[in-house]
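Heads up, my numbering is the position in the sequence shown plus 42, with the first residue counted as 1. Don't be surprised by glycine CBs; every beta carbon is placed ideally from N, CA and C.
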Amino acid sequence: MLVAVVTCALAGCAPAGAGDDGPPLPGPEPYPEEVLELPPVTGEMHAVLDEARARWGDHPDFGQPEISLDRTLIVLRWHGPPPAELTALVEGRAHPDFDVRLDRTPFRDSELSEEAGRLVREHSGVVHTAWPRTGGDGVGLGIDPSVAGDDVVAALDRLGITSRFPLFPEASSPPVAIPAG
Numbered sequence: 043m044l045v046a047v048v049t050c051a052l053a054g055c056a057p058a059g060a061g062d063d064g065p066p067l068p069g070p071e072p073y074p075e076e077v078l079e080l081p082p083v084t085g086e087m088h089a090v091l092d093e094a095r096a097r098w099g100d101h102p103d104f105g106q107p108e109i110s111l112d113r114t115l116i117v118l119r120w121h122g123p124p125p126a127e128l129t130a131l132v133e134g135r136a137h138p139d140f141d142v143r144l145d146r147t148p149f150r151d152s153e154l155s156e157e158a159g160r161l162v163r164e165h166s167g168v169v170h171t172a173w174p175r176t177g178g179d180g181v182g183l184g185i186d187p188s189v190a191g192d193d194v195v196a197a198l199d200r201l202g203i204t205s206r207f208p209l210f211p212e213a214s215s216p217p218v219a220i221p222a223g
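Structural data, given as structure tokens:
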């Protein structure tokens with residue numbers, strides 16, 4: 043289970059452009075077979091992300107960056123007042139093919155990741171995955187449907203699952219362990 047939490051924390055657990063939190067990103071989420079047909083992420087887009095990660099990637103207030111599915115927007119995220127250099131990077135990045143936007147997050151990604159781990163540990167068998175939401179607005183939870191019942195939100199109260207952060211539960215089957223080798 044810790045692997046699922048770490049994987050979610052590293053991957054962001056939200057497809058780029060999902061728009062499940064914060065202002066929506068352009069375009070609907072594609073079906074899996076459509077993913078191969080998406081426009082490529084350009085070298086210029088990688089340059090923006092690389093510069094932001096190189097300068098602020100270890101900073102506790104730097105959130106999860108995201109690229110929209112249609113490749114027209116990069117969203118950088120920050121908790122609290124952003125440094126002037128980050129604001130200047132966003133405002134000074136004019137490119138004809140994409141925009142760069144800076145969104146402020148209500149919570150630090152590192153705190154949400156820690157909370158996700160706690161929820162999986164303390165509610166094993168019920169909460170099988172947890173992740174910091176891409177927009178930094180709370181923790182997503184994967185709850186076993188057999189335990190959650192018809193109303194997964196009400197199940198949180200019934201099961202005593204609480205947090206100091208907003209929780210966004212969804213009924214989903216536990217991940218399947220793949221044997222090594």
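Are residue i and residue j closer than 8 Å when you measure CB to CB?
i: Arg-119; j: Met-87; result: no
i: Thr-204; j: Asp-179; result: no
i: Thr-84; j: Asp-139; result: yes
i: Glu-127; j: Val-117; result: no
i: Pro-174; j: Ala-213; result: no
i: Leu-161; j: Leu-183; result: yes
i: Gln-5; j: Thr-176; result: With the chain running from 43 to 223 in the structure shown, residue 5 is simply not present.
i: Thr-129; j: Leu-115; result: no
i: Val-194; j: Pro-211; result: yes
i: Ala-94; j: Leu-131; result: yes
Less than 8 Å between C-beta atoms, sequence neighbours within five positions excluded: which residues of the same chain meet that for residue i?
i: Pro-221; result: none
i: Phe-207; result: Phe-149, Glu-153, Leu-154, Glu-157, Gly-180 and Val-181
i: Pro-81; result: Asp-112 and Arg-113
i: Val-189; result: Gly-167, Val-168, Ala-197 and Leu-201
Taking DSSP as the reference, what is the three-state secondary structure of residue i?
i: Leu-111; result: coil
i: Asp-186; result: coil
i: Arg-97; result: helix
i: Val-142; result: strand
i: Thr-147; result: strand
i: Thr-129; result: helix
i: Leu-154; result: helix
i: Gly-59; result: Unreliable positioning characterises Gly-59 in this predicted model, as indicated by a pLDDT of 41, which lies under 50. The coordinate reading is nonetheless provided below. Looking at Gly-59 - three-state DSSP - the assignment turns out to be coil, as it is neither helix nor strand.
i: Leu-118; result: strand
i: Val-162; result: helix
i: Val-90; result: helix
The beta strand (DSSP E) that contains residue i, what's its start and end?
i: Ala-213; result: 209-213
i: Ala-172; result: 169-174
Using beta carbons (cut-off 8 Å, strictly below), is residue i in contact with chain B?
i: His-101; result: No chain B appears in the structure shown, which is made up of a single protein chain.
Please go through the same chain and pick out, in chain order, the residues whose beta-carbon is closer than 7 Å to the beta-carbon of residue i, but skip the five residues on each side of it.
i: Arg-135; result: Val-90 and Val-142
i: Ala-191; result: The question names Ala, but residue 191 in the sequence shown is Gly. These residues qualify, in order along the chain: Ala-197.
i: Pro-124; result: Leu-144
i: His-137; result: Glu-86
i: Glu-133; result: none
Starting from the C-beta of residue i, find all residues in its chain whose C-beta is less than 6 Å away, skip the five residues before and the five after it, and write them out in chain order.
i: His-121; result: Asp-103, Thr-147 and Arg-150
i: His-165; result: Ile-203
Can you give me the start and stop residues for the alpha helix (DSSP H) that residue i sits inside?
i: Leu-198; result: 194-201
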